[in-house]
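Enquirer:
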Amino acid sequence: MKDKQQKPIWIQNISQLVTLASDKKGPRVREEMRELAIIEGGSVWLEDGVIQDLGTTREMILKYLPRAEEAEIVDATGKIVTPGLIDPHTHVVFGGSREHEFEMRLEGASYMDIMNAGGGIHATTRKMRSLTEEHIFNQTTRRLDLFLQHGVTTLESKSGYGLDLENELKQLRVMQRLQNKHPMDIVPTFMGAHAVPEEYRENPEHFVNLVINEMIPAVVEEKLAKFIDVFCEVDVFTPEQAERILLAGKARGLIPKIHADEIEENQGAHVAARVGAISAEHLLKVSDEGIEELAKSGVIACLLPATALYLGEKPARARAIIDAGVPVAISTDCNPGSSPTISLPLVMNLACITMKMTPAESLCAATYNAACALQIEDYVGSIEIGKQADLVLWDVHNHQKLHYIFGVNHVKKVWKKGVKVVG
Ligand SMILES: [Zn+2]
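Quick note: the sequence shown uses full-length UniProt numbering, first residue 1, plus one each step.
Structure below.
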């Protein structure tokens with residue numbers, strides 16, 4: 001006998017089943033981002049952790065009525081179902097919080113002023129080094145619970161608050177434990193080059209060598225990361241250093257990502273194109289030539305409008321980036337300094353409000369294109385037969401409304417691998 005958790009789930013009468021299904025492989029660009037493949041009056045059958053079948057409720061009743069008694073039936077009248085959201089850029093594993101810096105910024109200090117004075121990433125690094133793995137694990141667990149409650153079923157998580165071998169490994173091991181213990185799927189990224197730690201301030205080259213010669217081999221040896229990322233920014237890592245670090249990681253099988261052109265235009269998009277990065281992050285200050293480079297190389301732009309809002313910066317030029325043919329993903333950038341939020345739905349609102357993306361583009365950017373930025377689109381990111389049963393039921397009757405009414409959590413239920421985890 002199957003226990004209650006493993007009963008098939010049959011969702012019926014969905015006002016919009018927003019599948020994002022498509023025959024096209026790879027990230028969606030331009031008008032493809034608006035094609036959501038919606039089934040009005042939809043129904044979906046989840047079994048053994050995967051999406052077994054879907055169609056209109058009428059079609060599905062004809063097929064599945066004989067099996068109705070064995071399933072848990074969910075009536076979704078007046079509600080929509082989407083794929084579980086995917087957050088492709090977070091720094092969710094951290095200890096402590098930095099509300100005092102928030103106040104400092106309100107009184108005029110800049111993000112980089114605070115970081116250069118030993119705050120910012122350095123403050124969180126001191127926490128990572130001083131707190132136990134257990135403490136970090138417990139704090140992060142609470143954040144992951146909140147992510148799930150806001151419809152996120154998969155997220156990427158970066159290291160970069162250890163900034164020495166022992167503590168980078170500690171942060172990555174917390175991710176590995178969470179992947180085993182928490183319903184959330186966690187895709188790990190090694191980002192030892194997140195900042196030059198204070199002890200290497202006079203000698204950043206030595207730190208770059210440490211990342212390349214000691215940290216990358218240790219991370220690869222323990223199989224703790226899929227991606228490698230670098231903060232390429234004025235006063236952090238130069239384009240040349242970023243390129244060396246990313247290529248060293250790539251040579252050992254890690255896939256490059258890069259924090260590019262966030263605070264200042266710094267050739268980050270060009271480095272992304274040269275190293276064959278899967279994605280370039282932030283891009284608030286990317287140049288027109290940088291956008292062209294991304295388009296030519298097929299790099300996904302991962303845009304983070306909550307961070308821009310929180311830092312009082314102008315948002316990324318999403319319209320120009322999409323029009324140039326660059327696929328766009330969006331993310332919370334969840335971190336204790338520049339974006340202390342777990343709400344990807346809020347980011348979806350902001351993508352529309354501040355970056356003029358359409359609701360359909362925003363939803364694509366937070367599901368299918370986000371999956372592409374993590375190279376997991378074969379099994380998540382859209383609602384298609386055989387894919388993992390990661391779904392969200394939203395208390396709105398069309399997908400535009402999800403983006404239109406902001407500051408409200410519209411999530412009613414969340415299923416992860418076919419098991420209800422919220423609602
Ligand atoms: Zn980041």
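For each residue, glycine too, the CB sits at the ideal point set by N, CA and C. No experiment lies behind these values; they were computed from the predicted model shown.
#1: Confirm the yes/no value for this check: CB of E281, any heavy atom of ligand 1, distance under 7 Å.
#2: Could you pull out every residue in the same chain whose Cβ sits closer than 6 Å to the Cβ of V220, ignoring the five residues on either side in sequence?
#3: Can you tell me whether N209 sits near ligand 1, meaning its C-beta is under 7 Å from at least one heavy atom of the ligand?
#4: Starting from I405, trace the beta strand (DSSP E) both ways and give me its first and last residue.
#5: Does the beta-carbon of N335, which I'm using as the reference point, lie nearer than 7 Å to any heavy atom of ligand 1?
#6: The beta strand (DSSP E) spanning Q52 covers which residue range?
#7: Measuring only the C-alpha atoms, how far is D3 from E222?
#8: Under the criterion of a Cβ to heavy atom distance below 7 Å, does H259 qualify as lining ligand 1?
#9: Is the beta carbon of V230 less than 8 Å from the beta carbon of H259?
#10: Round the Cβ separation of A329 and A351 to the nearest angstrom and send it over; I've been treating them as touching at under 8 Å.
#11: Using alpha carbons as the reference points, say which of F227, G120, I405, T153 lies closest to E103.
#12: Using C-beta distances below 6 Å, list every residue in its chain close to K416, excluding the 5 sequence neighbours before and after it, in chain order.
#13: Identify every residue that forms a DSSP beta bridge with G42.
#14: Rounded to whole angstroms, what's the CA-CA distance from A37 to G160? Just pull it up for me.
#15: With DSSP as the reference, identify every bridge partner of H282, one or two as the case may be.
#16: For A117, does the count of other Cβ atoms within 10 angstroms reach 16, so buried, or fall short, so exposed?
#17: Between L46 and K412, what straight-line distance do the alpha-carbon atoms span, to the nearest angstrom?
#18: May I ask you to report which of helix, strand or coil DSSP gives G96?
#19: Taking 7 Å as the line, does the beta carbon of H89 fall inside it for any heavy atom of ligand 1?
#20: Do you know whose CA, among T341, V299, A193, lies nearest V208's CA?
#21: Determine whether the beta carbon atoms of V174 and E214 lie at a separation below 8 Å.
Expert: According to the data block:
#1: For the purposes of this step, residue 281 is taken as residue 281 along the sequence shown, with counting starting at 1. Between ligand 1 and E281, a heavy atom-to-CB distance of less than 7 Å is present.
#2: Within the sequence shown, numbered from 1, the residue matching residue 220 stands at position 220. Closer than 6 Å at Cβ, skipping near neighbours: R252.
#3: Taking the first residue of the sequence shown as position 1, residue 209 is located at position 209. Remark: the shortest separation between the CB of N209 and any heavy atom of ligand 1 does not fall under 7 Å.
#4: If you number the sequence shown from 1, residue 405 lands on position 405. Per DSSP, I405 lies in no beta strand (DSSP E) segment and is marked neither H nor E.
#5: Against the sequence shown, residue 335 aligns to sequence position 335. Flag set: Cβ of N335 near ligand 1.
#6: If you number the sequence shown from 1, residue 52 lands on position 52. Start and end: 50-56.
#7: As a position in the sequence shown, residue 3 is number 3, starting the count at 1. As a position in the sequence shown, residue 222 is number 222, starting the count at 1. The predicted position of D3 is uncertain, since its pLDDT is 47 and thus under 50; no value can be drawn from it.
#8: The count along the sequence shown starts at 1 and reaches residue 259 at position 259. Correct: H259 has its Cβ closer than 7 Å to ligand 1.
#9: Your numbering for residue 230 matches position 230 in the sequence shown. Your numbering for residue 259 matches position 259 in the sequence shown. The criterion of a C-beta distance shorter than 8 Å is satisfied by V230 and H259.
#10: Here residue 329 refers to the residue found at position 329 when the sequence shown is read from its first residue. Here residue 351 refers to the residue found at position 351 when the sequence shown is read from its first residue. With 8 Å as the limit, A329 and A351 do not qualify as a contact, their Cβ atoms being about 10 Å apart.
#11: Taking the first residue of the sequence shown as position 1, residue 103 is located at position 103. The candidate whose alpha carbon is nearest that of E103 is G120.
#12: As a first step, residue 416 must be located in the sequence shown, where it is residue number 416. Only T153, P183, D390 meet the Cβ criterion.
#13: By one-based count along the sequence shown, residue 42 stands at place 42. Per the DSSP secondary-structure output, G42 pairs in a beta bridge with I14, T56.
#14: Here residue 37 refers to the residue found at position 37 of the sequence shown. Here residue 160 refers to the residue found at position 160 of the sequence shown. Going by C-alpha positions, A37 is about 38 Å away from G160.
#15: Walking along the sequence shown from the start, residue 282 turns up at place 282. In DSSP, H282 forms a bridge with A260.
#16: Sequence index remark: in the sequence shown, residue 117 carries index 117 (1-based). Flag for A117 reads exposed.
#17: The residue given as residue 46 occupies position 46 in the sequence shown. The residue given as residue 412 occupies position 412 in the sequence shown. Going by the C-alpha atoms only, they are around 17 Å apart.
#18: Numbered from 1 along the sequence shown, position 96 holds the residue referred to as residue 96. Three-state result, G96: coil.
#19: For this step, residue 89 is matched to residue 89 along the sequence shown. For ligand 1, at least one heavy atom lies less than 7 Å from the Cβ of H89.
#20: Residue 208 sits at position 208 when you count from the first residue of the sequence shown. A check of alpha carbon separations from V208 across T341, V299, A193 identifies A193 as the nearest.
#21: Position 174 of the sequence shown holds residue 174. Position 214 of the sequence shown holds residue 214. It is not a contact, given that the beta carbons lie outside the stated cut-off.
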